[in-house]
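*Asks:* Position 74, counted from 1, in the sequence shown is what UniProt numbering calls 74; the numbers after and before it change by one each time, with no gaps. Sharing a structure here in structure tokens format.
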Amino acid sequence: MAAVQASPPTTRARSIMTLDGYVSRGKAPPNSVPRDHAMLQEFGTYLELRLKSQNLSMLRRIFADFLNEHENTLIPMMHQGCTMITIFPVLRTSAERLRQAKILLTKPKFPLDDRGCVFTYLQYRTATRNMTLFKQLFWDFVRHQEKSLLAFVERGNESLLEQWKQ
């Protein structure tokens, strides 16, 4: 009888597509990647619905790359030095936007995989102001709250760091 050779183990590939059609590819996904990706994408959409913003699609791409453990979006962005991801302390006033944002805010949330916090990673990898703000907004989003978002709007460009230390 001929011996049957087992095929070598294969690594599953994963593709993550952002809302704007960007596809990030990676290997050996933890089971939590699709869930984490969905929640981070919804967070970006929530910010766009609630606040005036610029280039949040880049943040979505960075989220996808982070989950795939590479920097295909971040490195070119840093080299070009011209793309700024910005949220402004200005609430969107459309009733439809508010309705859609409330739906996202009230959806069930799950803890992110413990591979690390994307916002801490970005704080160390980029020249940034207010990454702590993004992180706090995200944690409020996970807890179904808008406390930090409304404080950001109320205080405008003032730093919220002192408030969060309390």
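For each residue, glycine too, the CB sits at the ideal point set by N, CA and C.
Please report the distance separating the alpha-carbon of L19 from that of R155.
*Replies:* The alpha-carbon atoms of L19 and R155 are separated by roughly 31 Å.
*Asks:* Using only alpha-carbon positions, find the residue among A101, F63, R97, L67 that is nearest to residue 177.
*Replies:* Here the chain covers residues 1 to 166 and nothing more, so residue 177 does not appear.
*Asks:* Can you tell me whether R14 is helix, strand or coil according to DSSP?
*Replies:* In the structure shown, R14 sits in a strand (DSSP, three-state: E or B).
*Asks:* Do P89 and V153 have their C-beta atoms closer together than 8 Å?
*Replies:* Contact: yes.
*Asks:* Helix or strand or just coil, what does DSSP make of K52?
*Replies:* It is a strand residue.
*Asks:* Pick out whichever of L40, N31, L51 has its Cα sitting closest to the Cα of L150.
*Replies:* L150 has its Cα closest to that of L51, out of L40, N31, L51.
*Asks:* For W164, which residues of its own chain have a beta-carbon under 8 Å away from its beta-carbon, when the five flanking residues on both sides are left out?
*Replies:* Since pLDDT at W164 reaches only 47, below the 50 mark, its modelled position is unreliable, and the value read off the structure follows with that caveat. So the qualifying residues of the chain are T132, Q136, S148.
*Asks:* Should M1 go down as buried or exposed, given a rule of 16 or more other Cβ atoms within 10 Å for buried?
*Replies:* With a pLDDT of 48 at M1, under the threshold of 50, the modelled position of this residue cannot be trusted; read the value that follows with caution. Flag for M1 reads exposed.
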